[in-house]
Each structure stands twice: as C-alpha cells, then as structure tokens.
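Undergrad:
Residue numbers (the numbering used here), protein chains in the order written: chain F, 1 to 154; chain Z, 155 to 331.
(1) Please confirm whether residue 218 of chain Z and residue 274 of chain Z have their CB atoms less than 8 Å apart.
(2) What distance in whole Å lies between the Cβ atoms of residue 36 of chain F and residue 76 of chain F, which are believed to be in contact at a cut-off of 8 Å?
(3) Any Cβ of chain F within less than 8 Å of the Cβ of residue 286 of chain Z?
(4) Residue 360 of chain Z versus chain F: which residues are under 7 Å apart at the beta carbon?
(5) Closer than 7 Å by beta-carbon distance: list the chain F residues that pair up with residue 185 of chain Z, in chain order.
(6) Take the Cβ of residue 293 of chain Z as the centre, count every other Cβ of all protein chains shown within 10 Å, and call the residue buried at 16 or more, exposed below.
(7) Taking all protein chains shown into account, decide if residue 251 of chain Z is buried (16 or more other Cβ within 10 angstroms of its Cβ) or exposed.
(8) My assumption, with CB atoms under 8 Å, is that residue 231 of chain Z sits in contact with residue 309 of chain Z. Please give the rounded CB distance.
(9) Can you tell me which of Z/227, Z/214, Z/204 puts its alpha carbon nearest to the alpha carbon of residue 291 of chain Z?
(10) Residues of chain Z with CB closer than 7 Å to the CB of residue 91 of chain F, please, in chain order.
(11) Cα separation between residue 95 of chain F and residue 47 of chain F?
(12) Tell me whether residue 294 of chain Z sits in a helix, a strand or coil according to DSSP, three-state version.
(13) May I have the straight-line CA-CA distance separating residue 285 of chain Z from residue 247 of chain Z, to the nearest angstrom?
(14) So which residues of chain Z does residue 51 of chain F contact, with C-beta pairs closer than 8 Å?
(15) Shortest alpha-carbon distance to residue 78 of chain F belongs to which of F/54, F/139, F/137, F/39?
(16) Would you give the residue range spanned by the alpha helix (DSSP H) that residue 168 of chain Z belongs to?
(17) To which residues does DSSP link residue 220 of chain Z through a beta bridge?
(18) If we call anything under 8 Å between Cβ atoms a contact, is residue 190 of chain Z one with residue 301 of chain Z?
(19) For the beta strand (DSSP E) containing residue 198 of chain Z, list its first residue and its last residue.
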C-alpha cells in the first residue's frame, strides 16, 4: 500500500510536466484543409528556433518562434508547399534554421563525413584482422601434438 | 615508438578540432543576406505615420538599418554608439522599431535622444522576419545598389564601428567613385 501512496505524487508530478510540454505551442490557428494543417505541423517541427539553440519553432515559446509559426501559418494557409516555406526561411535565416540541412558545398562534409569515417574504419579493421605476419604456421610437430591430445580424449 | 606515435597524432588532431569548436560562437549564425539584395519594405514612419518610407526610396545612397525596440535592453547600451556613429556623418541610419508600441518607441527616443534619420514601424515583426532578424539589436549596411554588405547581430560597439563599419563605408564609396 505504501508503494502506491508513494507513487501517486510522482505520477502527478510527471503528468504536470507532460501537460506543460505538450501545451508549449498551441496557437489557435484554423485550417480549412486537414492537409494544410498536417503540413503546418510538420513544418514547425522542421524549423529551428534560431534564438533558442536546440528547439524547433513548434516547441518554443520565444517571441521569434511565435512569429515564425504565424508566418508559416500564413504561407501554408495560402496554399504554399513545403519547399516554398523552407526556402523562405533558409533565405532569411540561413541553413541553420533547417533541422535537416540541405546538401550543398558547405554542408557536404556533414552529409558524407560519417560515411567517410565508416569507410576508413572498415579499411583499418580489415587491415588489422588480416595482417599476414600474424599467421603462425601449423607445423608437423603441432599436428602430432594435436593428434596426441585428441587420442587422450577418447 | 611508432606504436605510440599514431594514437598521439590522433589525439592532437582531436584536441585541435575541439579547441576550434570551443572558440566558435554557436549563437553566431552567418547571414545569408551578405552580397544579396536587401529585402524590400514599405513602412510608416514612427513620428509621422502618414508618411511611408520604402527601400526603393533609399536606393542610390549608402545607408544603415538599425533594428531596435524600447523593450530591448542591449539597444539601450548600443544607443550611444549609434549616436556617436551618426555624429561622424559617414552615412544615414534608419531605425526599424521592431515589435514595439509606437508610444513606447517615441518615449524611448525622447528620453535617450534620436540619432535616426527616421524610424520605421514594424509593429507585428513581419519586416523583421523578412530581414532575418532574430536578436535585437541588429544592424545592416546597405549600399547604393540596395545590396546588403554587412550585418551585425547584437549591439554595435565603438570598435566594431571604427574597425568594421567605417572602413567598409570608405570601401563602398571608392567603388562607386
């Protein structure tokens, strides 16, 4: 019984946080089309709030995030597509605003870097495992010794 | 000996990268505007809302746009620098009164002095978004062709004015001449 009594305040405390985080970015935006609403919800998760380092604009209560949500809403409700909104934002705030940076010369290393490291790692791994000098030749005396041991087993 | 040299080299490379990483300011976001045409605006003037000023009106001159607001604490600190810059007479400074109540903005200028050629009202912050403003104060240098040549995020300081903005303005003026 004491376990349950102990759990209740903890549960309530957790619920308190849950309700807060999900309420962070509810604006009363009305959409005439569920597709537009879905696009809006997707976009506010893809755009970084530039003043709060690592939050998307959907998650932040910063003034700038509110403004960017309003701007996103205006563009989406006008019927603009995802590309248009992402272009609009990155033209103004740079690639940093996009959580999934696009492939261009300055982000090339970001995209292919991990693969380069993987290739180097695999290359080194193969080299270390299959070093020819490490192979100890199996001699006749070894063979005789092995046979002796096997016979003893039987 | 060679056994130890390779891990040591890897370690040194790692330390160098981490040291560079520590020096980088994650709050500094490179502006995508430098070298590109400034975004357009057409806004009412703070002290005379009937009058409007647009970016087209300002073409043909080198000018600065200083984004400020009465609620912005670092703008207050920056204000003396702006006044000193304007007194040098190198280029006119236009203010963008960003997300502010007009009365508050006017009161702020009345109390601290008004170095601006004019301040433009961006009450809902739409022009701010168009200009990629994310941290007030911000300052842009726009050349005669309407191209953004410099952007300062955060307050101007005397050394930024003397070492960056003034030399840039001189450079722009020799280009045109």
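For every residue, glycine included, the Cβ atom is placed at its ideal position computed from N, Cα and C.
TA: Judging by the given coordinates:
(1) Contact: no.
(2) The C-beta separation of residue 76 of chain F from residue 36 of chain F comes to about 5 Å, placing the pair in contact by the 8 Å criterion.
(3) Residue 286 of chain Z counts as touching chain F.
(4) Residue 360 of chain Z falls outside the range modelled here, since chain Z spans only 155 to 331, and no answer is possible.
(5) Under the 7 Å cutoff, chain F gives 94.
(6) With 16 or more Cβ atoms within 10 Å of its Cβ, residue 293 of chain Z is classed as buried.
(7) It counts as buried.
(8) Yes, they are in contact, since the Cβ atoms of residue 231 of chain Z and residue 309 of chain Z sit about 6 Å apart, within 8 Å.
(9) Each of Z/227, Z/214, Z/204 was checked against the Cα of residue 291 of chain Z, and the nearest Cα belongs to Z/227.
(10) For residue 91 of chain F, the neighbours in chain Z by C-beta distance under 7 Å run, in chain order, 186.
(11) Between residue 95 of chain F and residue 47 of chain F, the C-alpha separation is close to 10 Å.
(12) Looking at residue 294 of chain Z - three-state DSSP - the assignment turns out to be strand.
(13) For residue 285 of chain Z and residue 247 of chain Z, the distance between alpha carbons rounds to 16 Å.
(14) Residues of chain Z passing the Cβ test: 288, 289.
(15) Comparing C-alpha distances from residue 78 of chain F to each of F/54, F/139, F/137, F/39 shows the shortest one belongs to F/39.
(16) Following the DSSP letters along the chain, one finds residue 168 of chain Z inside the alpha helix (DSSP H) bounded by residues 156-177.
(17) Answer is Z/249, Z/293.
(18) Taking a C-beta distance under 8 Å as the contact criterion, residue 190 of chain Z and residue 301 of chain Z qualify as a contact pair.
(19) Here the beta strand (DSSP E) through residue 198 of chain Z covers 196-199.
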